[in-house]
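Chemist: I am attaching a structure below and will ask some questions about it afterwards.
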Amino acid sequence: MRQSKVTIVLIGFIACCLISKSCANTTTAPSGGPKDTLAPVLIKLTPDNNSTNFPVYGGQIAIQYDEYTIIKNATDIYLSPPHKKRPVAKIKGKNIIVTFPDTLRSNTTYSLDFGQSLADNNEGNPANRLVYSFSTGDVVDSLYCTGKVIDCKTLKPVKNILVAFFSDMSDSACFNTYPDMAVKSDEWGFFAMRNLKPIPYKVYAYTDGDSDSKYSPAGDQIAFLDSTYTPSKVIRDSIYELGYFLMKDTLLCQKRVADFTLSLFTELQASQSLQNSGRINEKMGFLKFSAPDVKINSMEIFGVDSSALIVQYNQARDSLNFWINTQYKLEDSLLVKINYLKTDSLGNLSPFTEDIAMGLPEALVAAIKKKETDKTKQDTAFSLKLAAASETVEQDGISLTFDTPIVASTPDSIKLTSTNPKNQTSEMKYSIRQDSTEIRRMILRPEGKLQVGYNYELTVPHGTFTNLNFLPNNEEKVKFAIPNSEQLSSLTLHLTDVSSRYIVELVNEKMDKVFRTYYAEQDTSLVFPYLKADRYSIRITEDLNKNNIFDTGNLLLRRQPEKVLMYKLEEDNQVIEIPESTDLEQTINIKEMFK
């Protein structure tokens, strides 16, 4: 009897355990085993890749995977050559069904690039990039080429750029027609254009902001090849560049070889017209034009003598500021008349006279009236800005920046002193001149070499300058000294074979900060002193028109942007590692670098 009771208890215990294991836990998610990290496996394509005689209307493609697959981003699916309506992709079981709303072209090879659009349904693992080719004729075009798209100024790769090949040789092809073949650049700016014919193409790359596969100058950036390109390489499964690449695999992605590089730039507007104008204050106004290098024949302000007008263009000459040097009060509204070369209906530059009414903003009018009635708030002097950066004062001098142009000055009253380590102070000679790019700035340069261990002070006495409002300056002072640290380093660049003008910049590794700039037109040595231990790069720009700025390109004029290159110590290394307390020297053959 006792043994039967024990047996019953044991059976009950086992039953309770089984019941507890089989009951669902409503607060804890069931364990699903190891996380799925594998990409969906392609099982079948219907019709097969590189099929021929595909129907021009009503045809469809079925893509079967080994698991349920979703469409993450339908806009990643790109048909080349493109049509007005995009392909439509729908999920049907483990298949992706693709149909074409537009009638396809007859006797044409198509490439359907799925990009990163497909992924498995459970974990979102992206499917390997699928590029499917088919032809509506008897032949599949089988040539290819590779390339890279970079930003013309930063030289960094640009992703998701439409690269377009046109057999139409007209200059307007990329504006008005769809490309013969097109592909998008990946995250490394790299692209592989497939299914090309053995014919000459014009090659363009543009941002295609409105996704119509055409270039829009108003909103898109563009790049182009100088000459036509005729492909000759045949597509094969063994071609490394035509394989599938994970974008995070840096070494494998960078190993791909590009047949050519396209430099992406923003075009300046070619059509010239007055775009904007206005008054900034009582004696200052501006004019903004749509295109650079505006040609103004005359400019008049009603009731103001022409000799009282002070004008300054910006470096691109697509805008100007003007000041009016008068002792009497100006009207709240001014009538400005300009005659300039404006683009007419035929696209030609023709003289055009335009009348512009420029009124002061209401808030500014109210502030002026309030100041006039409150004598305690009226200005009796103005403040100027003095800047003397220790690291660059030897090269750039000391800048004196004013709020308006200066109408009178006595620069001889400025005092520059040096104090040696023995605390002995003496005056220094200097030169002062107008800044060539800013009418409201002067540059003062000490005569003689500045000494390490000395302290310097510049004093601009009250009343040295008189501004446009006939106010004297407040007294201003600035102190500076040459950096004195044994840990600082220097870099000297010896430029050889210099036959044009170049802008040479020392920048940081990310190329978003400029430490120092030089301009070189002949063989020379450039010194970059007082450098902290860091990683630097040398950016050199070919300044063909000698205007000291980078100039962008023009598509219709077939003008590329000015060439920008990074100096490379080795084939793939454009970074210069500068340690502490080191004087480095590098020789750069400019002709060889820019060949």
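Numbered according to our numbering, the sequence shown terminates at residue 1752, and the numbering increases by one at each position without gaps.
Quick reminder that beta carbons are idealized off the backbone N, C-alpha and C, glycines included.
I'd like to know whether the C-beta atoms of I1660 and T1681 end up nearer to each other than 8 Å.
Modeler: Here the question's residue 1660 lines up with position 503 in the sequence shown. Here the question's residue 1681 lines up with position 524 in the sequence shown. Contact flag unset, no.
Chemist: On a Cα-Cα basis, can you pick out the residue from G1554, S1455 and L1466 that is closest to P1508?
Modeler: Taking the first residue of the sequence shown as 1, we reach residue 1508 at position 351. For the residues G1554, S1455 and L1466, the minimum Cα distance to P1508 belongs to S1455.
Chemist: Are the C-beta of P1562 and some C-beta of chain B separated by less than 8 Å?
Modeler: Note that chain B does not occur in the displayed structure, where there is just one protein chain.
Chemist: Quick check on this structure: which residue in R1715, L1712 and K1748 has the alpha carbon closest to the alpha carbon of L1722?
Modeler: Sequence index remark: in the sequence shown, residue 1722 carries index 565 (1-based). Of the listed residues, the one whose Cα sits closest to L1722 is K1748.
Chemist: Nearest CA to the CA of L1541: which residue from K1201, K1634 and Y1485?
Modeler: Counting from 1 along the sequence shown, the entry for residue 1541 is found at position 384. Nearest of K1201, K1634 and Y1485 to L1541, Cα basis: K1634.
Chemist: Give the DSSP-derived three-state secondary structure of K1242 in the structure shown.
Modeler: Your numbering for residue 1242 matches position 85 in the sequence shown. Coil.
Chemist: Should the region 1296-1308 be regarded as contacting the region 1401-1420, the criterion being three or more beta carbon pairs within less than 8 Å?
Modeler: These segments touch.
Chemist: Could you name the residues that DSSP lists as bridge partners for Y1301?
Modeler: As a first step, residue 1301 must be located in the sequence shown, where it is residue number 144. Paired residue(s): K1390.
Chemist: Can you pull the DSSP bridge partners for Y1759?
Modeler: Because the chain is modelled from 1158 through 1752, residue 1759 falls outside the range shown and cannot be assessed.
Chemist: Per DSSP, W1345 forms a beta bridge with which residues?
Modeler: The count along the sequence shown starts at 1 and reaches residue 1345 at position 188. For W1345, which the question treats as bridged, DSSP gives no partner whatsoever.
Chemist: Tell me which residues share the same chain as I1639 and place their Cβ nearer than 6 Å to its Cβ, disregarding the 5 neighbours each side in the sequence.
Modeler: Locating residue 1639 in the sequence shown gives position 482, counting from the first residue. Answer for I1639: L1607 and V1609, listed in chain order.
Chemist: Tell me the DSSP secondary structure of E1551 in three-state form.
Modeler: Position 394 of the sequence shown, counting from 1, holds the residue named residue 1551. If DSSP states are grouped into helix, strand and coil, E1551 belongs with the helices.
Chemist: For the alpha helix (DSSP H) containing K1528, list its first residue and its last residue.
Modeler: Within the sequence shown, residue 1528 is the residue found at index 371, counting from 1. Its alpha helix (DSSP H) spans residues E1519 to T1530.
Chemist: Could you give the distance in angstroms between the alpha-carbon of Y1470 and the alpha-carbon of P1578?
Modeler: In the sequence shown, counting from the first residue as 1, residue 1470 sits at position 313. In the sequence shown, counting from the first residue as 1, residue 1578 sits at position 421. So the two alpha carbons sit approximately 46 Å from each other.
Chemist: If we ignore side chains and look at the alpha-carbon of each, how far apart do K1310 and E1727 end up?
Modeler: Locating residue 1310 in the sequence shown gives position 153, where the first residue counts as 1. Locating residue 1727 in the sequence shown gives position 570, where the first residue counts as 1. Roughly 21 Å between the two C-alpha positions.
Chemist: So does the region 1466-1481 actually touch the region 1397-1404, counting three or more Cβ pairs closer than 8 Å?
Modeler: The region 1466-1481, when compared against the region 1397-1404, does not touch it at the 8 Å Cβ threshold.
Chemist: Could you check where the alpha helix (DSSP H) with N1333 kicks off and where it finishes?
Modeler: Against the sequence shown, residue 1333 aligns to sequence position 176. Taken as a continuous stretch (DSSP letters only), the alpha helix (DSSP H) holding N1333 covers A1330 to N1333.
Chemist: Skipping 5 residues on each side, what residues in its chain have a beta carbon closer than 8 Å to that of L1202?
Modeler: Here the question's residue 1202 lines up with position 45 in the sequence shown. I1218, A1219, I1220, Q1221 and Y1289.
Chemist: Could you work out which residue in G1215, P1283 and I1453 is closest to N1230 when comparing CA atoms only?
Modeler: Locating residue 1230 in the sequence shown gives position 73, where the first residue counts as 1. Comparing Cα positions, the closest option is P1283.
Chemist: How should E1643 be labelled, buried or exposed, when 16 other C-beta atoms within 10 angstroms of its C-beta is the threshold for buried?
Modeler: Taking the first residue of the sequence shown as 1, we reach residue 1643 at position 486. Its Cβ having fewer than 16 others within 10 Å, E1643 is exposed.
Chemist: With burial defined as no fewer than 16 other Cβ atoms inside 10 Å of the residue's Cβ, what is the status of S1370: buried or exposed?
Modeler: Taking the first residue of the sequence shown as 1, we reach residue 1370 at position 213. Buried, by the Cβ-count rule.
Chemist: Which first and last residues belong to the alpha helix (DSSP H) in which M1750 is found?
Modeler: Locating residue 1750 in the sequence shown gives position 593, where the first residue counts as 1. Counting along the chain, the alpha helix (DSSP H) containing M1750 begins and ends at I1747 to M1750.
Chemist: Can you name, in chain order, every residue of its own chain whose Cβ lies under 6 Å from the Cβ of E1742, other than the five neighbours on each side?
Modeler: Taking the sequence shown and counting its residues from 1, the one referred to as residue 1742 is at position 585. T1649.
Chemist: Which value, in whole angstroms, describes the spacing of the CA atoms of T1510 and I1481?
Modeler: For this step, residue 1510 is matched to residue 353 along the sequence shown. For this step, residue 1481 is matched to residue 324 along the sequence shown. Using only the alpha carbons, I get a separation of about 21 Å.
Chemist: State the DSSP-derived secondary structure class of Q1411, mapped to helix, strand or coil.
Modeler: Numbered from 1 along the sequence shown, position 254 holds the residue referred to as residue 1411. Correct three-state label for Q1411: helix.
Chemist: For the structure I just gave you, are there three or more beta carbon pairs, one from the region 1358-1370 and one from the region 1328-1344, closer than 8 Å?
Modeler: Touching, per the Cβ criterion.
Chemist: Spell out the partners DSSP gives K1572 in its beta bridges.
Modeler: Within the sequence shown, numbered from 1, the residue matching residue 1572 stands at position 415. K1572 is bridged to T1616.
Chemist: Pick helix, strand or coil for S1464, following the three-state DSSP scheme.
Modeler: The count along the sequence shown starts at 1 and reaches residue 1464 at position 307. DSSP places S1464 in helix when its eight states are reduced to three.
Chemist: Nearest CA to the CA of D1501: which residue from T1537, A1427 and S1657?
Modeler: As a first step, residue 1501 must be located in the sequence shown, where it is residue number 344. The shortest Cα separation from D1501 among T1537, A1427 and S1657 belongs to A1427.
Chemist: With 16 as the cutoff for other CB atoms within 10 Å, does R1393 come out buried or exposed?
Modeler: On the sequence shown, residue 1393 is found 236 positions in, with the first residue counted as 1. By the 10 Å Cβ count, R1393 comes out exposed.
Chemist: What are the boundary residues of the beta strand (DSSP E) that Q1432 is part of?
Modeler: The residue you call residue 1432 lines up with position 275 of the sequence shown. L1431 to N1438 is the extent of the beta strand (DSSP E) around Q1432.
Chemist: Assign D1233 to one of three DSSP states: helix, strand, or coil.
Modeler: As a first step, residue 1233 must be located in the sequence shown, where it is residue number 76. Reduced to three states, the DSSP call for D1233 is helix.
Chemist: Could you check which residue in D1700, Y1363 and M1515 has the C-alpha nearest to that of A1375?
Modeler: In the sequence shown, residue 1375 corresponds to position 218, counting from 1. If we check each option's Cα against that of A1375, Y1363 comes out closest.
Chemist: Taking the beta carbon of I1695 as the centre, do at least 16 other beta carbons fall within 10 Å, making it buried, or is it exposed?
Modeler: Position 538 of the sequence shown, counted from the first residue, corresponds to residue 1695. So I1695 ends up on the buried side.
Chemist: Could you pull the DSSP bridge partners for Y1693 from this structure?
Modeler: Position 536 of the sequence shown, counted from the start, is the residue given in the question as residue 1693. Answer is N1665 and I1733.
Chemist: Give the DSSP-derived three-state secondary structure of E1604 in the structure shown.
Modeler: For the purposes of this step, residue 1604 is identified with residue 447 of the sequence shown, where counting begins at 1. Note: E1604 maps to coil in three-state DSSP.
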